[in-house]
Amino acid sequence: MHPPELVSNLRNFLPSESVLYETEDLKPYECDGLSAYRQTPMIVVMPETEEEIIKILRVCNDSKTPVVARGAGTGLSGGALPHAKGILLSLAKLKKILEVDPITQTARVQPGVRNLAISESAMAYGLYYAPDPSSQVACSIGGNIAENSGGVHCLKYGLTVHNILKLRVITIEGECLEIGGACFDTPGYDLLALMTGSEGMLGIVTEITVRLLPKPEEAQVVMAAFDDIQMAGNAVANVIGAGIIPAGMEMMDKLTTHAVEEFVHAGYNLDAEAILLCESDGTEEEVADEIKRINEIMKKSGAVDIKTSHNETERLTFWAGRKAAFPAAGRISPDYYCMDGTIPRRNLARVLAGIEKLSIKYGLRCMNVFHAGDGNLHPLILYDANLPGELKRTEEFGAEILEMCIEVGGTITGEHGVGIEKINQMCSQFNTKELEIFHAVKSAFDPDRLLNPGKAVPSLRRCAEHGAMHVHKNQEKFPDLPRF
Numbered sequence: 001m002h003p004p005e006l007v008s009n010l011r012n013f014l015p016s017e018s019v020l021y022e023t024e025d026l027k028p029y030e031c032d033g034l035s036a037y038r039q040t041p042m043i044v045v046m047p048e049t050e051e052e053i054i055k056i057l058r059v060c061n062d063s064k065t066p067v068v069a070r071g072a073g074t075g076l077s078g079g080a081l082p083h084a085k086g087i088l089l090s091l092a093k094l095k096k097i098l099e100v101d102p103i104t105q106t107a108r109v110q111p112g113v114r115n116l117a118i119s120e121s122a123m124a125y126g127l128y129y130a131p132d133p134s135s136q137v138a139c140s141i142g143g144n145i146a147e148n149s150g151g152v153h154c155l156k157y158g159l160t161v162h163n164i165l166k167l168r169v170i171t172i173e174g175e176c177l178e179i180g181g182a183c184f185d186t187p188g189y190d191l192l193a194l195m196t197g198s199e200g201m202l203g204i205v206t207e208i209t210v211r212l213l214p215k216p217e218e219a220q221v222v223m224a225a226f227d228d229i230q231m232a233g234n235a236v237a238n239v240i241g242a243g244i245i246p247a248g249m250e251m252m253d254k255l256t257t258h259a260v261e262e263f264v265h266a267g268y269n270l271d272a273e274a275i276l277l278c279e280s281d282g283t284e285e286e287v288a289d290e291i292k293r294i295n296e297i298m299k300k301s302g303a304v305d306i307k308t309s310h311n312e313t314e315r316l317t318f319w320a321g322r323k324a325a326f327p328a329a330g331r332i333s334p335d336y337y338c339m340d341g342t343i344p345r346r347n348l349a350r351v352l353a354g355i356e357k358l359s360i361k362y363g364l365r366c367m368n369v370f371h372a373g374d375g376n377l378h379p380l381i382l383y384d385a386n387l388p389g390e391l392k393r394t395e396e397f398g399a400e401i402l403e404m405c406i407e408v409g410g411t412i413t414g415e416h417g418v419g420i421e422k423i424n425q426m427c428s429q430f431n432t433k434e435l436e437i438f439h440a441v442k443s444a445f446d447p448d449r450l451l452n453p454g455k456a457v458p459s460l461r462r463c464a465e466h467g468a469m470h471v472h473k474n475q476e477k478f479p480d481l482p483r484f
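Using our numbering, read the sequence shown as starting at 1 and increasing by one per residue.
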């Protein structure tokens, strides 16, 4: 179907201002947070109701038109990159908090609701929503579902998948599904986990029921400075090894702390090679005991400077720098490329040393930020897109980081998703049979491959071209690891 005919069909049930097709109107949608890759969509639609989404998907299905869902556009893997001959489906107008139930400690929300807005709405009941990505002031819960986002407190409270109970999902045929339920367990296959992190490739989420938690009585942060980044990495293992599950545990290297300190003035030790933030929450008695133990572990692990927050303002100040790491990178570099991989905690020091060597190899600076407790790395490669060849070097640098994550027994993503950024590394992470299973799941939900095509799961031909069709590096180097 030609664009004018599609526009006409869509305007049969959508207001004219909700169907964009002029180039100047489409440009703001040409990329998500991964701005290195851009593509102008053919048409952008902005529905306000579930009924309108159903009709849009039926039009796309009947005309075999690709459709890419977009939330707030804060994603960092190109998951919302438009299709040149497709429709970009913006969910930004579906931003109602439908219900907050303090009895069941749940909230029902639409996909365009900001992550932080959920906690703000639940605050009156002493409740909050635990997953807290650094972009929580802007990112939408629908995008969090698509990428299975986490945040600085994911070590103790889990990722998005651990904090949702139910989804309403529209299939490409326009059928409405309810996945999950009000209880902690439902019979049958765990389609809730399958849908979470599926990057908009299986269906369009129109309503989410999230789990709320009581706000902790007390929370404190220990901020420890180390003159050796590997010692900081070992301190992470020592805390976990002592049986402590911190509410959050984050690490920043020297380049990062210098960038963020100028930005937020959090009081970081600028002489330190690494800063480790470790938070405890719970009752006053629990926190007092745990903070004492954490301080002792940090000292034994070689910390050269240790501070503990004494009030909520100070706690938030300690965290402010970590939350601002990404925007702070923009103060010291024209561009940055944010990676996302996950490794076993025991290999943190080894991978940090590897990233340092790669930084020298490619002649590019790299700010290292980690969800240290669960091994989720966020290296920020600093580059200048205006310099010929520098983006290509950056991509190669990032690809080597991801390959290194696989080699030490980790994975190529922790919370940003695969999108288009890491699609080649999927060929290294999974073998042919495993990729065939992924494609079979996709076909079961979307047989014509209209939902977010070309993302997350590579074609077998692409893997053959990437040179990894029959090479499962992770299994070769770690034969005892479970498959798929």
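Quick reminder that beta carbons are idealized off the backbone N, C-alpha and C, glycines included.
**Request:** With a threshold of 16 other CB atoms inside 10 Å of the CB of alanine 440, please say whether the residue is buried or exposed.
**Result:** exposed
**Asked** Any chance the stretch 349-357 sits against the stretch 127-140, with 3 or more Cβ pairs inside 8 angstroms?
**Response** no
**Prompt:** Among Met123, Ile145, Lys85, which one has its Cα closest to the Cα of glycine 112?
**Reply:** Ile145
**Asked** Does DSSP put glutamine 110 in a helix, a strand or coil?
**Response** coil
**Request:** Please determine if the stretch 250-270 and the stretch 318-329 are in contact, where contact requires at least 3 C-beta pairs separated by less than 8 angstroms.
**Result:** yes
**phenylalanine 184 - DSSP class collapsed to helix/strand/coil** = coil
**Asked** Out of curiosity, what's the CA-to-CA distance linking methionine 223 and aspartate 305?
**Response** 8 angstroms
**Request:** Evaluate glutamate 364 with the Cβ neighbour count: other Cβ atoms within 10 Å of its Cβ, from every protein chain shown; 16 or more gives buried, anything less gives exposed.
**Result:** Residue identity differs from the one stated: residue 364 is leucine in this sequence, not glutamate. So leucine 364 ends up on the buried side.
**Prompt:** Would you say isoleucine 204 and asparagine 61 are within 8 angstroms of each other, going by their C-beta atoms?
**Reply:** no
**Request:** Pull up the DSSP beta-bridge partners for tyrosine 128, would you.
**Result:** Leu213
**Message:** Nearest by alpha-carbon distance to proline 47: which of Tyr362, Gly71, Ala399 is it?
**Reply:** Gly71
**Request:** Drop a sphere of 10 angstroms on the beta-carbon of glutamate 262, count the other beta-carbons inside from all chains shown, and report buried for 16 or more, exposed for fewer.
**Result:** exposed
**Prompt:** How would you call glycine 78, buried or exposed, if buried means at least 16 neighbouring beta carbons within 10 angstroms?
**Reply:** buried
**Prompt:** Would a C-beta distance cut-off of 8 angstroms place proline 246 and serine 280 closer than the cut-off?
**Reply:** yes
**Request:** Could you pull out every residue in the same chain whose Cβ sits closer than 8 angstroms to the Cβ of aspartate 448, ignoring the five residues on either side in sequence?
**Result:** Asn61, Lys64, Ile172
**Item:** Backbone secondary structure at histidine 378 - three-state DSSP
**Value:** strand
**Prompt:** Where does serine 16 fall in DSSP's three states?
**Reply:** helix
**Prompt:** Can the beta-carbon of isoleucine 97 be found closer than 8 angstroms to that of alanine 84?
**Reply:** no
**Prompt:** If you scan the stretch 306-347 from start to end, which runs of the alpha helix (DSSP H) of 4 or more residues do you find wholly inside it?
**Reply:** 312-323, 325-332
**Asked** From Tyr336, Gly174, Ala349, pick the residue whose C-alpha is nearest to that of leucine 202; which is it?
**Response** Gly174
**According to DSSP, residues forming a beta bridge with asparagine 368** = Pro379
**Asked** Would a C-beta distance cut-off of 8 angstroms place leucine 159 and serine 149 closer than the cut-off?
**Response** yes
**Request:** Please determine, among Asn452, Glu434, Asp384, the residue with the shortest C-alpha to C-alpha distance to glycine 330.
**Result:** Asp384
**Request:** Mind reading off the beta-carbon distance from cysteine 139 to histidine 371? Whole number of angstroms is fine, and I expect it under 8 angstroms.
**Result:** Incorrect: roughly 16 angstroms between the Cβ atoms, too far for contact.
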